[in-house]
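Input: a single structure, listed below in structure tokens.
Numbering (the numbering used here), first residue to last: 41 to 458.
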């Protein structure tokens, strides 16, 4: 479908839709950008290390010790060993199946679709296989890259640079490296062909509300069922097998927790990701970049949220999680993650899968976001129509239009970044 994406983009005005005369006249002097140029401007990714850092704070209850997610390495079915935070970081963003987004699947098939996502990291691959697609090889290079990235980030802190400024300066290079490390890139461009990193991002509906809730609860259910199998093995006196199943359940739950953590990120709360993918008649990678415009805006400015337990906080997003003002957000998110992991252990010990997941009580009430915030979303769906805010750069402009073009919008934002 995306075979000749760059050439297709040169037909720019043929693939725009609902383009007004004013919009057309405003871009006559510009050469339509290529996919690579747009990726260079906007990047494709998010702040991966935040997933790992907070994930490694989760306490895991194991037969011989209770320990943080960082200090224990979970052994996956294929033999790869990763921390709880590692799996949260890799799950869905870097390892997964682009062909089977969980929220795309019929309800009866969702557990199988989650398993396909998890298998891409935890089940396939052999140590002796030297191919790029082998997760053993990818993990080796990715781990090295993220250690290097963490060191650079720490050095930036010492030089007085914040996380968000560091990511802003380096986001395009990070996306390039992750594309190359997931079997993409070439001497022509680090972005072309697409590696699994960008292939997954093109269909990342599972990472945005409301689909992220479906993806999380599906993965958590898979992990609970694995924990239940572990309980049954314990009852049979097969302790070693039971403990292996507990480890697997934690690993599956960590993968599912990627969708949980995304659900606490401001840029994932109200961005109409699925509508953008469905309604804008452009290649999937450009729809990703269009969604990222709003994703990045809400991440930066943040949103007021409240949960069912009455806790309210100001939620920031990817790259901004370690702002001093986000301390309460981190605490609430970690509470949800800990409740999630505790649910796995409780099922392993009792043999009971709960009807209600306690962590859901601390998720934001997304239905209240509109009334809690006076900021205007860049995109929204109203009466089944995808609308765009009239003024691209005015976060408080409460005027939207249905007469807009996805490609023109990208060009306008590209010009603003020059």
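Yeah, the Cβ is synthetic: ideal placement off N, Cα and C, and Gly gets one too.
Ignore the nearest five residues each way along the sequence and tell me which others in residue i's own chain have a CB closer than 7 Å to its CB.
i           : result
residue 373 : 94, 301, 304
residue 128 : 91, 92, 95, 294, 297, 298, 301
residue 385 : 101
residue 206 : 193, 196
residue 365 : 354
residue 126 : 92
residue 368 : 353
residue 394 : 383
residue 375 : 402
What does the alpha-carbon distance come out to for the pair residue i and residue j?
i           : j           : result
residue 334 : residue 188 : 29 Å
residue 286 : residue 380 : 14 Å
residue 349 : residue 402 : 6 Å
residue 273 : residue 361 : 40 Å
residue 170 : residue 404 : 44 Å
residue 104 : residue 289 : 17 Å
residue 267 : residue 352 : 33 Å
residue 359 : residue 186 : 15 Å
residue 326 : residue 332 : 10 Å
residue 337 : residue 277 : 54 Å
residue 291 : residue 99  : 13 Å
residue 382 : residue 397 : 10 Å
residue 239 : residue 427 : 26 Å
residue 14  : residue 388 : Residue 14 lies beyond the range of the chain shown here (41 to 458); nothing can be said about it.
residue 254 : residue 154 : 10 Å
residue 324 : residue 242 : 5 Å
residue 139 : residue 329 : 20 Å
residue 284 : residue 270 : 8 Å
residue 311 : residue 213 : 24 Å
Starting from residue i, trace the alpha helix (DSSP H) both ways and give me its first and last residue.
i           : result
residue 90  : 88 to 95
residue 296 : 279 to 302
residue 412 : 409 to 412
residue 124 : 124 to 130
What is the DSSP secondary structure of residue i, reduced to helix, strand or coil?
i           : result
residue 271 : helix
residue 321 : coil
residue 243 : coil
residue 114 : strand
residue 43  : Residue placement at residue 43 is flagged as unreliable, the pLDDT there being 34, under the threshold of 50; the coordinate-derived value follows with that caveat. In this structure, residue 43 counts as coil in the three-state DSSP scheme.
residue 390 : helix
residue 307 : helix
residue 428 : strand
residue 107 : strand
residue 66  : Low local confidence applies: a pLDDT of 39 at residue 66 is under 50, so the model's placement there is unreliable, and no value is given.
residue 229 : strand
residue 453 : helix
Using C-beta distances below 6 Å, list every residue in its chain close to residue i, excluding the 5 sequence neighbours before and after it, in chain order.
i           : result
residue 245 : 141, 143, 251, 313, 314
residue 174 : 165
residue 150 : 142, 258
residue 225 : 219
residue 216 : 230
residue 429 : 416, 418, 437, 440
residue 131 : 295, 298
residue 116 : 162, 291
Could you tell me the boundaries of the beta strand (DSSP E) in which residue i lies?
i           : result
residue 101 : 99 to 101
residue 422 : 419 to 422
residue 442 : Premise fails: residue 442 is in no beta strand (DSSP E) and is neither H nor E.
For chain C, check one thing: does any of its Cβ atoms lie closer than 8 Å to the Cβ of residue i?
i           : result
residue 302 : The displayed structure is made up of one protein chain only, and chain C is not part of it.
Give every residue of the same chain whose Cβ lies closer than 8 Å to the Cβ of residue i, excluding the five residues on either side of it in the sequence, and list them in chain order.
i           : result
residue 370 : 94, 361, 362
residue 113 : 121, 122, 123
Complete alpha helix (DSSP H) runs within the segment 144 to 218 (minimum length 4 residues, chain order): Listed in chain order, they are 150 to 162, 175 to 198.
Continuous beta strand (DSSP E) assignments of at least 3 residues falling wholly in the segment 332 to 407: Complete beta strand (DSSP E) runs here, min 3: 343 to 346, 352 to 355.
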